[in-house]
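Asks: Below is a structure I'd like to ask you about.
Number of protein chains: 2
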Amino acid sequence: MTPADRVTQTLARYLVNARADNLPQAVRDHAVRTFVNWMGCAVGASRHEAVEIAIAALAPFGGPAQATVLGRAVKVDVLSAALFNGISSHVFDFDDTHLKTVIHPAGPVASAILALAEYRPVSGKEFIHALALGIETECRIGNAVYPDHYDIGWHITGTAGVFGAAAAAGKLLGLDEQQMTWALGLAATQPVGLREMFGTMTKSFHPGRAAQNGLLSALLAARGYTSSEQGIEAKRGWANVMSTHRNYAEITEGLGERHESLLNSYKPFACGIVIHPAIDGCIQLRNEHALEAGAIASVLLKVHPLVLELTGKRTPQTGLDGKFSVYHSAAVAIIDGRAGEYQYSDAAVHDTATVQLRDKVTAEIDPTMPADAVHITITLTSGERLEKHVEHAIGSIERPMTHADLTAKFTDLVEPILGGEHAARLLEAGWKMESIDNIATLADLARPVEKT
Amino acid sequence: MTPADRVTQTLARYLVNARADNLPQAVRDHAVRTFVNWMGCAVGASRHEAVEIAIAALAPFGGPAQATVLGRAVKVDVLSAALFNGISSHVFDFDDTHLKTVIHPAGPVASAILALAEYRPVSGKEFIHALALGIETECRIGNAVYPDHYDIGWHITGTAGVFGAAAAAGKLLGLDEQQMTWALGLAATQPVGLREMFGTMTKSFHPGRAAQNGLLSALLAARGYTSSEQGIEAKRGWANVMSTHRNYAEITEGLGERHESLLNSYKPFACGIVIHPAIDGCIQLRNEHALEAGAIASVLLKVHPLVLELTGKRTPQTGLDGKFSVYHSAAVAIIDGRAGEYQYSDAAVHDTATVQLRDKVTAEIDPTMPADAVHITITLTSGERLEKHVEHAIGSIERPMTHADLTAKFTDLVEPILGGEHAARLLEAGWKMESIDNIATLADLARPVEKT
Chain A
1 MTPADRVTQT
11 LARYLVNARA
21 DNLPQAVRDH
31 AVRTFVNWMG
41 CAVGASRHEA
51 VEIAIAALAP
61 FGGPAQATVL
71 GRAVKVDVLS
81 AALFNGISSH
91 VFDFDDTHLK
101 TVIHPAGPVA
111 SAILALAEYR
121 PVSGKEFIHA
131 LALGIETECR
141 IGNAVYPDHY
151 DIGWHITGTA
161 GVFGAAAAAG
171 KLLGLDEQQM
181 TWALGLAATQ
191 PVGLREMFGT
201 MTKSFHPGRA
211 AQNGLLSALL
221 AARGYTSSEQ
231 GIEAKRGWAN
241 VMSTHRNYAE
251 ITEGLGERHE
261 SLLNSYKPFA
271 CGIVIHPAID
281 GCIQLRNEHA
291 LEAGAIASVL
301 LKVHPLVLEL
311 TGKRTPQTGL
321 DGKFSVYHSA
331 AVAIIDGRAG
341 EYQYSDAAVH
351 DTATVQLRDK
361 VTAEIDPTMP
371 ADAVHITITL
381 TSGERLEKHV
391 EHAIGSIERP
401 MTHADLTAKF
411 TDLVEPILGG
421 EHAARLLEAG
431 WKMESIDNIA
441 TLADLARPVE
451 KT
Chain B
1 MTPADRVTQT
11 LARYLVNARA
21 DNLPQAVRDH
31 AVRTFVNWMG
41 CAVGASRHEA
51 VEIAIAALAP
61 FGGPAQATVL
71 GRAVKVDVLS
81 AALFNGISSH
91 VFDFDDTHLK
101 TVIHPAGPVA
111 SAILALAEYR
121 PVSGKEFIHA
131 LALGIETECR
141 IGNAVYPDHY
151 DIGWHITGTA
161 GVFGAAAAAG
171 KLLGLDEQQM
181 TWALGLAATQ
191 PVGLREMFGT
201 MTKSFHPGRA
211 AQNGLLSALL
221 AARGYTSSEQ
231 GIEAKRGWAN
241 VMSTHRNYAE
251 ITEGLGERHE
261 SLLNSYKPFA
271 CGIVIHPAID
281 GCIQLRNEHA
291 LEAGAIASVL
301 LKVHPLVLEL
311 TGKRTPQTGL
321 DGKFSVYHSA
331 AVAIIDGRAG
341 EYQYSDAAVH
351 DTATVQLRDK
361 VTAEIDPTMP
371 ADAVHITITL
381 TSGERLEKHV
391 EHAIGSIERP
401 MTHADLTAKF
411 TDLVEPILGG
421 EHAARLLEAG
431 WKMESIDNIA
441 TLADLARPVE
451 KT
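One line per chain: the protein sequences are A and B, in this order. Quick note: the first sequence uses the UniProt record's numbering, first residue 1, plus one each step. Quick note: the second sequence uses the UniProt record's numbering, first residue 1, plus one each step.
This is the structure:
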C-alpha cells in the first residue's frame with residue numbers, strides 16, 4: 001500500500017496514540033473557548049421550536065435518562081442528547097466557524113462527547129483532548145476536499161463533522177487502531193447534509209445527526225462491528241464519491257504538529273458573518289461618542305458587494321428577516337450596542353426607535369472593500385460627521401473575541417434560560433473545565449432547576 | 001415553477017392521495033411475496049454476529065420495548081427495531097432485488113414500517129399499501145439516477161431506500177402534503193451507504209440505517225420539523241449532488257399506473273446472483289435423474305465471464321468463501337438439491353463428499369452466454385452424458401420463484417430459529433397478511449417463545 005492508500009489508517013493510528021499531556025497549551029485554551037461558546041449557543045437556543053419539535057417527536061422512543069439537553073431539565077438517552085444538543089447549538093447560527101472550510105466544528109463533536117461523558121465519566125483534561133482531536137479530524141478532512149465538496153452542495157459541517165464525532169467519541173471509548181479505523185469507516189458511510197436545506201430547520205439537524213452518527217459509529221466499532229479500513233480514501237470511499245478534488249496530505253501530514261483548531265473562530269453577532277464589520281463599526285462609534293439615536297441624521301455604510309446581495313432587506317418583518325438586513329443590524333448596533341438573539345426577535349424589528357433609525361441607514365457597494373471590512377460615516381443632526389474604518393471585524397482570526405467578549409456573549413444567551421446567578425456559575429465552571437474531575441458536573445450545571 | 005421543479009411535491013402529493021382500494025391486485029400480491037421473503041431473511045439471520053453486535057452496542061441507550069426484532073424474543077424501541085431488522089434482513093444477501101437498479105427494496109421500507117405498526121396499529125391492507133408505496137418511491141428515485149449514481153460508488157439500497165422508508169412511514173403516520181414533502185427533504189439529507197463497505201458488516205448496516213433515517217424523517221415531519229420542499233430536484237438537492245445523470249420523469253410519470261414493485265425479484269439461493277443459473281441447472285439434473293454424487297465422473301459448466309471473475313474460488317476455506325465458489329455451489333446443488341445458508345456454512349465447505357464432488361467440477365467461460373444462463377454437462381462414471389441448458393435462472397423476472405419455492409426458502413431460513421411448527425404458523429399468517437386486522441400480530445408471531 002502507498003501512503004495515499006493509508007489515509008484512514010494513518011489518522012486512526014494518530015487518534016489512538018495521541019496523549020492529552022502532549023496537547024499544546026494554546027490548543028487546550030482554544031478548545032475551552034470553543035466549548036464555552038458552544039454551551040452558550042446550545043443553552044440559549046434550548047427552547048427554540050426546532051428543538052421542541054425534535055424532542056416531542058422522538059420522546060416516545062427514547063431510552064433512559066442518561067444525558068443532558070443543555071438548558072433543559074429533563075435528561076434523555078445519550079444518543080438522543082447528541083442529536084438535540086447538535087440541533088440547539090446550531091439553530092441560532094451563532095456557533096463557532098473554521099473559516100477555511102466553513103465547518104462549524106463544535107456542534108458534531110461536543111454534542112457527541114458531552115452526552116457520552118455523562119454516561120462514561122471522564123476528566124476535563126481527557127475531555128478537552130478528545131474535543132481537540134475531533135475538531136482536528138473534521139477540519140483536516142474538510143480541508144482535503146474544500147471547496148469542491150462544499151460547492152457541489154454538501155453541508156460540510158454534517159459531512160465532515162461525522163468523522164469528528166466518531167474520532168472524539170472513539171477516543172473516549174478507548175478504541176484500538178482497528179476499531180478506530182472501523183469507526184471512521186462507519187462515519188464515512190453516514191454523511192449528513194445537503195446545502196439545499198439551508199433556511200429550514202433541517203440545517204440545524206445536520207450537526208445534530210452528524211454527532212449522533214459519529215457516536216453510533218464509535219459505539220458499534222467498539223463492539224467489533226466491522227467496516228472498511230479505507231473508508232476515506234478507497235476508490236469508492238468518502239472522498240472520491242463526495243468530492244471532485246482531494247488532498248490527502250491535509251489529513252495525514254503534520255498530525256500533532258499543525259493544529260486546525262487554532263483557526264476556529266467565534267461569532268460576536270447572531271447573524272451572517274458578512275454584516276459583522278458594519279455592526280462592529282457601529283458599536284465602536286456608539287461607544288466612542290456616546291451616540292444617541294435621536295442625534296443621528298444619517299448612517300452611510302460602504303460595504304463589500306456580498307453584503308447587499310445577502311443582507312439587503314430594507315423592511316424586515318420578522319426577527320429572522322432582521323438577520324438578512326444590514327439596515328436593521330446597524331440600527332440595533334447603534335441603539336443597543338449589541339446584536340444578539342434579542343436584537344433579532346420579532347419585537348426588535350418592529351421597535352419604533354429601531355425602525356426610525358433603520359430608515360436613516362443607507363448602504364453603498366464598494367467593490368474594493370474586503371469581506372471583513374467596512375467604512376462607516378455617521379452624520380449628526382448638528383452637522384458633525386463621524387467616521388470609522390473597520391479593517392477586520394471582531395471575531396475574525398485577526399481580531400479574535402476576547403475572554404470578556406465571549407463572557408458577554410455567553411451571558412446574553414444563557415441568562416434568559418437559567419437566570420443570572422446560575423448562568424454565571426455555569427460560565428465559571430466552563431472556563432475552569434480543564435481541572436474538573438468529571439465533566440458530567442458541567443452538564444449537570446447546564447440544566448435549570450425547574451423541569452421543562 | 002416547471003414540472004422539473006416540482007418533483008418532490010408531485011411525489012408527495014401522490015403518496016398522500018393514494019388509496020389502498022386502488023392498488024392493483026398484482027401489486028398487492030407482489031408486496032405480500034416481498035414481505036414474506038423479507039421476514040424469512042430477517043428471522044433467518046437474527047442470530048448473525050452483525051445483529052448481535054449492533055444490539056449489544058446500542059442496548060444501553062434503547063427506549064421502551066415497543067417493537068420486535070424478528071426472530072428474537074426481546075422487544076426494543078421502534079427506531080432501534082427498524083435498524084436491527086434492516087441489518088438482519090440484508091446480512092445474508094438473500095433479500096429481494098429490483099434488478100433494474102440493484103436496489104434491495106424491502107430492507108429499508110419493511111424494517112421501518114413493521115416497527116412503526118407495532119406502535120401504531122394498522123391493518124394488513126393499509127400496511128401492504130404503505131409497503132408498496134415505499135417500494136415504488138425508492139425504485140423510481142433509483143431509476144432516475146441509475147446507473148451513474150451507483151457507478152460513482154453509492155450503495156443505492158441505502159441512498160434511495162431512505163426515501164422509501166420515509167414515504168411508507170409517512171403514509172402510515174397520515175402526513176399531509178406539506179409534511180410528506182418535508183419528510184422526503186429530511187430523507188434526502190440523510191443518504192446512507194458507500195459501496196466501499198461491501199464485504200464488511202457495514203453493508204448490512206445500510207438498509208438498517210436507511211430504514212431508521214426514513215422513519216425518523218417521517219416522525220419529525222409529522223410534528224412540523226421543516227425542510228426543503230425540493231429535496232430531490234433542487235440545484236443542491238439529492239439528485240444533483242449525488243448523481244451525474246438524472247431523469248425526473250422516472251419519478252413523476254405514470255404514478256399509480258406503472259408499478260416498479262412488479263419488477264422485484266427473489267433469490268432462491270444464498271449467494272451472488274451470477275452463479276444462480278449453475279445451481280439451478282445442477283438441481284434440475286439431480287432431480288430429473290436421481291443423481292448420486294458417487295456416480296459422477298465430471299461436471300462441466302459453460303458460464304458467463306462474470307462467473308469466474310466473481311466466483312472463481314477453487315478451494316473455499318469458510319462458508320463465506322463458498323459463496324464465491326461456483327465449484328462449491330455446483331457440488332452442494334447436486335448433493336443437497338439446494339443452496340441455502342446451511343450450504344454456505346463453514347461445516348459445509350469442509351464436508352468430505354462435497355469436497356470430492358467439487359474437485360470434479362470445471363468451469364469454462366463462454367463469451368456468448370447470457371448472465372442468467374448456463375450450459376451444464378455431467379458425465380457419469382458409466383460414461384453416460386447428461387446435458388442441461390438453462391435459459392433463465394429460477395428467480396429471474398422471466399422465471400419467478402413459485403409460491404412453493406418461496407415457502408421452501410422461508411422454511412429453510414426460519415425453522416432453525418423458531419422451530420418447524422412455529423415457522424409454519426408465521427408463514428401461513430404471512431401469506432394471509434392482507435386480511436389481518438392488526439399487522440402487529442404478525443410481528444408477535446415472529447418472536448420465539450424463549451427469551452434470546
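For every residue, glycine included, the Cβ atom is placed at its ideal position computed from N, Cα and C.
(1) Residues of chain A with a CB under 8 Å from the CB of Q230/B: which are they?
(2) Would you tell me roughly how many angstroms separate the C-alpha atoms of L320/B and L406/A, rounded to the nearest one?
(3) Measure the CB-CB distance between P105/A and G161/A and report whether it falls below 9 Å.
(4) May I ask you to verify whether the stretch 47-65 of chain B touches the stretch 84-103 of chain B, counting CB pairs closer than 8 Å and requiring at least 3?
(5) Alpha carbon to alpha carbon, how far is Q179/A from G185/A?
(6) Just checking: is the beta-carbon of I103/A within a distance shorter than 9 Å of some beta-carbon in chain B?
(7) First and last residue of the beta strand (DSSP E) that includes residue 453/A?
(8) Give the single residue among I296/B, L418/B, A270/B whose Cα lies nearest to the Cα of V326/B.
(9) With C-beta atoms as the reference, is A446/B less than 9 Å away from L418/B?
(10) Express the C-alpha separation of P305/A and S80/B in angstroms, rounding to a whole number.
(11) Using a C-beta cutoff of 9 Å, does W238/B count as contacting chain A?
(12) Residues of chain A with CB closer than 7 Å to the CB of Q190/B, please, in chain order.
(13) What separation, rounded to the nearest whole angstrom, lies between the Cα atoms of R125/B and H422/B?
(14) Is the CB of D321/A under 9 Å away from at least one CB in chain B?
(15) Are there three or more Cβ pairs, one per stretch, closer than 8 Å when the stretch 374-381 of chain B is compared with the stretch 247-254 of chain B?
(16) Comparing C-alpha positions only, which one of L380/A, G254/A, G312/A sits nearest to E292/A?
(17) Going by DSSP in three states, H276/B sits in which element: helix, strand or coil?
(18) In the DSSP assignment, the alpha helix (DSSP H) including R28/B goes from what residue to what residue?
(19) Please go through the same chain and pick out, in chain order, the residues whose beta-carbon is closer than 7 Å to the beta-carbon of R19/A, but skip the five residues on each side of it.
(20) Any beta carbon from chain B within less than 9 Å of N180/A's own beta carbon?
(21) Is N287/A buried or exposed, if buried means 16 or more other CB atoms sit within 10 Å of its CB?
(22) Under 9 Å between C-beta atoms, does R223/B make it to chain A?
(23) Give a yes or no on whether 9 Å exceeds the smallest Cβ distance from F269/A to chain B.
(24) What residues match up with S325/B in a beta bridge as DSSP calls it?
(25) May I ask you to list the residues that DSSP assigns as paired with W154/B?
(26) Since D346/A meets chain B, which of its residues come closer than 7 Å, beta carbon to beta carbon?
(27) Is the Cβ of A4/B closer than 9 Å to any Cβ of chain A?
(28) Report buried or exposed for T402/A, applying the criterion of at least 16 other Cβ atoms within 10 angstroms of its Cβ.
(29) Inspect the CB distances between the stretch 33-49 of chain B and the stretch 31-42 of chain A and report whether three or more fall short of 8 Å.
(30) Would you identify the three-state DSSP class for S298/A, choosing helix, strand or coil?
(31) Apply the 10 Å Cβ neighbour rule to A188/A and answer buried if 16 or more other Cβ atoms are within range, or exposed otherwise.
(32) Between V7/A and the rest of its own chain, which residues show a CB-CB distance below 7 Å, the 5 nearest in sequence each way excluded?
(33) Please state whether DSSP places A183/B in a helix, a strand or coil.
(34) Under 9 Å between C-beta atoms, does K235/A make it to chain B?
(35) At a CB distance below 7 Å, what residues from the stretch 241-274 of chain B approach chain A? Give them in sequence order.
(36) Closer than 9 Å, CB to CB, is F205/A near chain B or not?
Replies: Answer, in terms of the structure:
(1) Translated into the one-based positions of the second sequence, residue 230/B becomes position 230. In chain order: E196.
(2) As a first step, residue 320/B must be located in the second sequence, where it is residue number 320. As a first step, residue 406/A must be located in the first sequence, where it is residue number 406. Rounded to the nearest angstrom, the two C-alpha atoms are 57 Å apart.
(3) In the first sequence, counting from the first residue as 1, residue 105/A sits at position 105. In the first sequence, counting from the first residue as 1, residue 161/A sits at position 161. It is a contact, given that the beta carbons lie within the stated cut-off.
(4) yes
(5) Taking the first sequence and counting its residues from 1, the one referred to as residue 179/A is at position 179. Taking the first sequence and counting its residues from 1, the one referred to as residue 185/A is at position 185. If I take the Cα positions, the gap works out to 10 Å.
(6) Here the question's residue 103/A lines up with position 103 in the first sequence. No, no contact with chain B.
(7) What the structure shows of chain A is the stretch from 1 to 452, and residue 453/A is not part of that stretch, so it cannot be assessed.
(8) Reading the second sequence from its first residue, position 326 is the one you call residue 326/B. Taking only the C-alpha atoms, the option nearest V326/B is A270/B.
(9) Within the second sequence, residue 446/B is the residue found at index 446, counting from 1. Within the second sequence, residue 418/B is the residue found at index 418, counting from 1. A contact, by the Cβ cut-off of 9 Å.
(10) The count along the second sequence starts at 1 and reaches residue 80/B at position 80. The count along the first sequence starts at 1 and reaches residue 305/A at position 305. Straight-line Cα distance between these residues: approximately 49 Å.
(11) Residue numbering aside, residue 238/B sits at position 238 when the second sequence is read from its first letter. Closer than 9 Å: yes.
(12) Here residue 190/B refers to the residue found at position 190 of the second sequence. Per Cβ cutoff of 7 Å: V192, R209.
(13) For the purposes of this step, residue 125/B is identified with residue 125 of the second sequence, where counting begins at 1. For the purposes of this step, residue 422/B is identified with residue 422 of the second sequence, where counting begins at 1. For the record, residue 125/B in the displayed sequence is Lys; it is not Arg. Taking the straight line joining both Cα atoms gives about 24 Å.
(14) Within the first sequence, the letter at position 321 stands for residue 321/A. No, because no Cβ of chain B sits closer than 9 Å to the Cβ of D321/A.
(15) no
(16) Numbered from 1 along the first sequence, position 292 holds the residue referred to as residue 292/A. Checking every option, the nearest Cα to that of E292/A belongs to L380/A.
(17) Working through the second sequence from its first residue, we reach residue 276/B at position 276. It is helical.
(18) Translated into the one-based positions of the second sequence, residue 28/B becomes position 28. Element bounds for R28/B: 25-44.
(19) Position 19 of the first sequence, counting from 1, holds the residue named residue 19/A. Hits under 7 Å: none found.
(20) In the first sequence, residue 180/A corresponds to position 180, counting from 1. The amino acid occupying residue 180/A in the given sequence is Met; Asn does not appear at that position. Judged by the 9 Å Cβ criterion, M180/A is not in contact with chain B.
(21) On the first sequence, residue 287/A is found 287 positions in, with the first residue counted as 1. It is exposed - the Cβ of N287/A has fewer than 16 other Cβ atoms within 10 Å.
(22) Indexing the second sequence from 1 puts residue 223/B at position 223. R223/B counts as touching chain A.
(23) Here residue 269/A corresponds to residue number 269 of the first sequence, with the count starting at 1. False, the Cβ-Cβ gap to chain B never drops below 9 Å.
(24) Translated into positions along the second sequence, residue 325/B becomes position 325. Bridge partners of S325/B: G312/B.
(25) Here the question's residue 154/B lines up with position 154 in the second sequence. According to DSSP, which records beta bridges pairwise, W154/B is partnered with L194/B.
(26) The count along the first sequence starts at 1 and reaches residue 346/A at position 346. Here the premise fails: no neighbours, minimum Cβ distance about 17 Å.
(27) As a working note, residue 4/B is residue 4 in the second sequence. Not closer than 9 Å to any Cβ of chain A, the Cβ of A4/B fails to qualify, so no.
(28) Position 402 of the first sequence, counted from the start, is the residue given in the question as residue 402/A. Counting Cβ neighbours within 10 Å, T402/A comes out exposed, since fewer than 16 surround it.
(29) no
(30) Mapped onto the first sequence, residue 298/A falls at position 298. Correct three-state label for S298/A: strand.
(31) Position 188 of the first sequence holds residue 188/A. When all chains shown are included, A188/A counts as buried.
(32) As a working mapping, residue 7/A is identified with position 7 in the first sequence. Around V7/A: I232, E233, Y248, I251, T252.
(33) Along the second sequence, read from residue 1 onward, the residue named residue 183/B stands at position 183. It is helical.
(34) Here residue 235/A refers to the residue found at position 235 of the first sequence. For K235/A, the answer is yes, since a Cβ of chain B falls inside 9 Å of its Cβ.
(35) V241
(36) In the first sequence, residue 205/A corresponds to position 205, counting from 1. For F205/A, the answer is yes, since a Cβ of chain B falls inside 9 Å of its Cβ.
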